[in-house]
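Under our numbering, residues 7 to 262 are what the sequence shown spells out, in order. All C-beta atoms in this analysis are idealised placements derived from N, C-alpha and C, irrespective of residue type, glycine included. These numbers come from a predicted model, not from an experiment.
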Amino acid sequence: MVGIRSNMRVLRVLCGKFSAASLLRMRFQLAKQSRSWPLPFDSVLTDAANLRFNNVDCDLMYGGRITSEERSAISTYVGVGIAIVLIAGGVYIFFLTQKEKKETTGFDPNRPVPSDAVLKRRLKAEEYFVVREGGTQTPFQNDFWNYDRTGIYVDVITGEPLFTSLDKFDGQIGMPTFSKPISKDLLVEKPDTSNDMKRTEVRAKRSNAHLGHLFTDPKSPTGQSYAVNSAAFHFIPKEEMKARGYEAYLPLLDKK
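This is the structure:
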């Protein structure tokens, strides 16, 4: 047994090249050669425990230990991978933003009208409710009912100019009210008998957006008033029209 123990110490020194199972097999072979077979069960357990827990200098999982150089290399690869993903994501978002900006800047009559799915993503919930679901905003609680800046009111869907501030007046109903549109050809008028009323609904011809209603109004310079929803429009101030692609519409704001 002394020879076996001596041989096992040699094996433990060399165990970096062998697995635990291999070392135990070698232990049995040495035992047979020294005619001390069979090995006592407690001897086998003791050697196995020593191999697993007590030999600090021996790596039983030889080849599985990660060196500091390997950890450094892995960290570098991971860092480079993350950087590549972030850069690719940034480039994608940039081009997506540019595409979105191109589709919403100014008015292009050749630009297709966005689908309802796109509008649900692009518009605010209240805007979609008005233009696509025929909703009506609360009087005196909307953006433009008493707005008095000089500029144009454009379709929230297509960006097409529909009304100017020069034709806006106080209809005393808490909604943006205009005496006339830029051109009647830009609008569609249709009967509306909802809510047990007889009214004339006004829609944008190009986008089919619900805008509001048309009424007879003696206070209006034209005898008519277009009572529309603020949520159906974006307002473009005169001083921003050129930069935002509406320079061709600046003559609409010349004083009459």
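| task | Could you check the C-alpha separation between Tyr134 and Thr228 for me, to the nearest Å? | result | 30 Å
| request: May I have the straight-line CA-CA distance separating Phe149 from Ala237, to the nearest angstrom? | output: Note that residue 149 is Asp in the sequence shown, not Phe. Their Cα atoms are separated by approximately 8 Å.
| When you compare only the Cα positions, how much space is there between Arg250 and Asp154? | 20 Å
| said: For a quick check, are the C-beta atoms of His265 and Val137 less than 8 Å apart? | reply: What is shown of the chain runs 7 to 262, which leaves residue 265 out entirely.
| request: Confirm, please, whether the CB-CB distance from Lys211 to Leu192 is below 8 Å. | output: yes
| Range of the contiguous beta strand (DSSP E) that encloses Phe169 | Pro167 to Thr170
| task | To the nearest angstrom, report how far apart Val86 and Gly95 are at their CA atoms. | result | 14 Å
| request: Starting from the Cα of Ser226, find the closest Cα among Glu245, Tyr252, Pro243 and Ile179 and give me that residue. | output: Ile179
| said: In this structure, how does DSSP classify Thr82 when only helix, strand and coil are distinguished? | reply: helix
| query | Looking at the structure shown, is Met247 part of a helix, part of a strand, or coil, going by DSSP? | reply | coil
| message | Given this structure, state the Cα-to-Cα distance separating Ile72 from Ile88, to the nearest angstrom. | response | 22 Å
| With a Cβ-Cβ cutoff of 8 Å, do Leu92 and Thr156 count as a contact? | no
| query | In whole angstroms, what separates the C-alpha of Thr222 from that of Val97? | reply | 53 Å
| request: Name the residue from Lys190, Gly165 and Val160 whose alpha carbon lies nearest to the alpha carbon of Arg116. | output: Before going further, note that residue 116 is Asn rather than Arg in the sequence given. Of the candidates Lys190, Gly165 and Val160, the one whose C-alpha sits nearest the C-alpha of Asn116 is Gly165.
| request: Count the other C-beta atoms from every protein chain shown that fall within 10 angstroms of the C-beta of Asp114, then say buried if there are 16 or more, exposed otherwise. | output: exposed
| field | For Thr183 and Asp176, the rounded distance between their alpha carbons | value | 6 Å
| field | In DSSP terms, what Ala210 is bridged to | value | Leu193
| request: Tell me, to the nearest whole angstrom, how far the beta carbon of Tyr252 is from that of Gly112; I am working on the premise that it is less than 8 Å. | output: 6 Å
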